[in-house]
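A.B. asks: Numbering (my numbering), first residue to last: 205 to 456. All residues carry an ideal CB built from backbone N, CA and C; glycine is no exception. Got a structure for you, written out below as structure tokens; questions coming shortly.
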Amino acid sequence: MPEYLGDTFMAIIETEAALHEAHRDNHTHRDVNGGWLRPAVFGAMDGLVSNLALMTGVAGGAVGHQTIVLSGLAGLAAGAFSMAAGEYTSVASQRELVEAELDVERRELRKHPKDEEAELAALYEARGVEPELAKAVAEQLSRDPELALEIHAREELGIDPGDLPSPLVAAVSSFGSFALGALLPVLPYLLGATTLWPALLLALLGLFLCGAVVAKVTARSWWYSGLRQLALGGAAAGVTYALGSLFGTAVG
């Protein structure tokens, strides 16, 4: 191998090995998709908007505050369990699909190692690596079965075998974030309030704060994001209150 290719070859091998060690040691970079913040904030926002809308709809029917509190607590429990079950099923299905694809790749590496090595070399060639160097890199990386699987999974499937999501963690996170958001409009009643206004004001403040936090993910200005969420949540509450008043009068 020419000397200049040998230097490049060693640089690529060292880079891949370093990446492998970093992932194995749980070294992670900042998630540009928002990491845990995005699902947590949106889960809380979902709980806040849906429970606020539910409670204002019930309040529009001119019922007692005990009924409003009961509807809020029921909405919190039902929504949180529904979110947790849905998230668990979704993440578990995704994980099972990924693990099935990894099993296929693992079998191919075991049964047809040379074909997989050639496939990896072709991937590097397609990225501009010279054929001789691409072949040498693929051969070197294929000597370690676990490293080879990780490289193939990243290059072909776009996944990291060591960073698969946990269905249980996703379910618990969804339950907690939704319940926290849904609790806000109920909290004033639990502290002794007997009218809708304290619950409405606290919920609207929560909506603004959630929108402001979302700005950390979307790169929008915090006040724009906060006001937008405030308007959307307020509109939902207004519509359900009007419907509650309409149907409450009709039923009454």
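1) Cutting at 6 Å between CB atoms, please list the residues of its own chain near residue 296, excluding the five before and the five after it.
2) Quick check: what's the CA-CA separation for residue 369 versus residue 267?
3) For the alpha helix (DSSP H) that contains residue 399, what are its first and last residues?
4) What are the uninterrupted segments assigned as beta strand (DSSP E) that are 3 or more residues long and contained completely in the stretch 426-451, given in chain order?
5) Within 10 angstroms of its Cβ, does residue 444 collect 16 or more other Cβ (buried), or is it exposed?
6) Check whether the stretch 246-257 and the stretch 421-438 are in contact - that is, three or more C-beta pairs closer than 8 Å.
7) For residue 275, count neighbouring Cβ atoms within 10 angstroms of its own Cβ and tell me buried if that reaches 16, exposed if not.
8) Hey, out of 428, 365, 426, 379, whose CA is closest to residue 300's CA?
9) Going by other Cβ atoms of all chains shown within 10 Å of its Cβ, with 16 needed for buried, is residue 303 buried or exposed?
10) Would you check if there are 3 or more beta carbon pairs closer than 8 Å linking the stretch 323-332 to the stretch 401-421?
11) Determine whether the beta carbon atoms of residue 254 and residue 283 lie at a separation below 8 Å.
C.D. replies: Judging by the given coordinates:
1) 371
2) 44 Å
3) Residue 399 -> no alpha helix (DSSP H), and no H or E assigned at all.
4) none
5) buried
6) yes
7) buried
8) 365
9) exposed
10) no
11) yes
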